[in-house]
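J.: This structure is in structure tokens; I'll ask about it shortly.
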Amino acid sequence: MLTLLGVFAVLAVASVVRSTAGFGFSLVAVPPLAFLLDPVTAVVVSSIIAAPVSVSIAVKNRADIDRRLLAVILGCGVPGVPLGVWALSALPQTGLMFVIAGVVLLGTAIVWARVALPGGTATLAGVSFFAGASYGATGVDGPPMVAAAQGLGLEPRVQRATLAVSFAATSIAAMIGFAVAGALTAEVGKAVLIGLPGLVIGIVAGEHLFKRLDAARFRRVVLALLVVSSASVLARAFAVA
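At position 109 of the sequence shown the residue is numbered 109 (full-length UniProt numbering), and the sequence of numbers has no breaks.
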């Protein structure tokens, strides 16, 4: 029972972060879920719950989507997902935890330093493939995509809407891959069911916060959560090594 309550709380907080910032769901959700469940289940549950959050943001902000850039992102990002799903199935638990730890640390560093990757559309294409593979293996794709988008100088609302569609597409592609790989277990189903109310609460709360919080203050809150997440996932990785 305590495990399910923990899953509910983690997914509610992660939904608030995603709805408010447009990214960060899996960075916040996967490490604590890996403590409560196991690494593979944590990635699968996070990916399933993230999909409707991204769809909600994309639908509400569809007028701001940059369709040209979205075509590049989807064309390069979705093909990377099967590679990540294969890694999720093939890696032992210890190896997967270290991969998750590395990706979470990379994501935290990118957000902390406000990285903006140069190279324009070509960089966006390469990062999209990496992010798709990363999502399939770890459930994390937001920070590198944000860094690539920031290198293009997109307006915040255009970036938020366009990346939301990208995140929704990779989520759906990953779920298909998880189904083929046999990762949609009964444990995943229980965690998703308990997480859905938290998802709804998080979306509503996140939309209200998006209108009220200043960007600098919210960034500090997200960074604090990411630092805690990075430390926890590293500790778990070394513990099972």
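The beta-carbon is built from N, C-alpha and C at its ideal position, and this holds for glycine as well.
For Met1, count neighbouring Cβ atoms within 10 angstroms of its own Cβ and tell me buried if that reaches 16, exposed if not.
T.: Walking along the sequence shown from the start, residue 1 turns up at place 1. Answer is exposed; the Cβ neighbour count stays below 16.
J.: Is Pro118 helix, strand or coil by DSSP?
T.: Residue 118 sits at position 118 when you count from the first residue of the sequence shown. Coil at Pro118, not helix or strand.
J.: Between which residues of its own chain and Arg62 is the CB-CB distance below 7 Å, once the five residues before and five after are set aside?
T.: On the sequence shown, residue 62 is found 62 positions in, with the first residue counted as 1. Correct list, in chain order: Ala161.
J.: If you draw a straight line from the C-alpha of Ala237 to the C-alpha of Ala58, how long is it?
T.: One-based indexing of the sequence shown puts residue 237 at position 237. One-based indexing of the sequence shown puts residue 58 at position 58. Distance between the alpha carbons of Ala237 and Ala58 is about 34 Å.
J.: For Gly198, which residues from the same chain have a beta carbon less than 6 Å from its beta carbon, with the 5 sequence-adjacent residues on both sides left out?
T.: Here residue 198 refers to the residue found at position 198 when the sequence shown is read from its first residue. Phe8, Leu11 and Ala12.
J.: Can the beta-carbon of Gly132 be found closer than 7 Å to that of Thr94?
T.: The sequence position of residue 132 within the sequence shown is 132, counting from 1. The sequence position of residue 94 within the sequence shown is 94, counting from 1. No, they are not a contact pair.
J.: Pull up the distance between the alpha-carbon of Ser47 and that of Gly136, whole angstroms please.
T.: Position 47 of the sequence shown, counting from 1, holds the residue named residue 47. Position 136 of the sequence shown, counting from 1, holds the residue named residue 136. Going by the C-alpha atoms only, they are around 8 Å apart.
J.: Confirm, please, whether the CB-CB distance from Gly24 to Gly202 is below 7 Å.
T.: Numbered from its first residue, the sequence shown carries residue 202 at position 202. Numbered from its first residue, the sequence shown carries residue 24 at position 24. Result no, Cβ atoms of Gly202 and Gly24 do not sit closer than 7 Å.
J.: Does the beta-carbon distance from Val104 to Leu27 come in below 7 Å?
T.: Within the sequence shown, numbered from 1, the residue matching residue 104 stands at position 104. Within the sequence shown, numbered from 1, the residue matching residue 27 stands at position 27. Yes; because the gap between Cβ atoms is below 7 Å, this pair is in contact.
J.: With Leu226 and Gly107 assumed to form a contact (beta carbons below 8 Å), what rounded beta-carbon distance in angstroms separates them?
T.: Within the sequence shown, numbered from 1, the residue matching residue 226 stands at position 226. Within the sequence shown, numbered from 1, the residue matching residue 107 stands at position 107. Yes, Leu226 and Gly107 are in contact; Cβ-Cβ is about 7 Å, under 8 Å.
J.: Suppose contacts are defined by Cβ-Cβ distances below 7 Å. Is Glu207 in contact with Ser15 by that definition?
T.: As a working mapping, residue 207 is identified with position 207 in the sequence shown. As a working mapping, residue 15 is identified with position 15 in the sequence shown. Contact: no.
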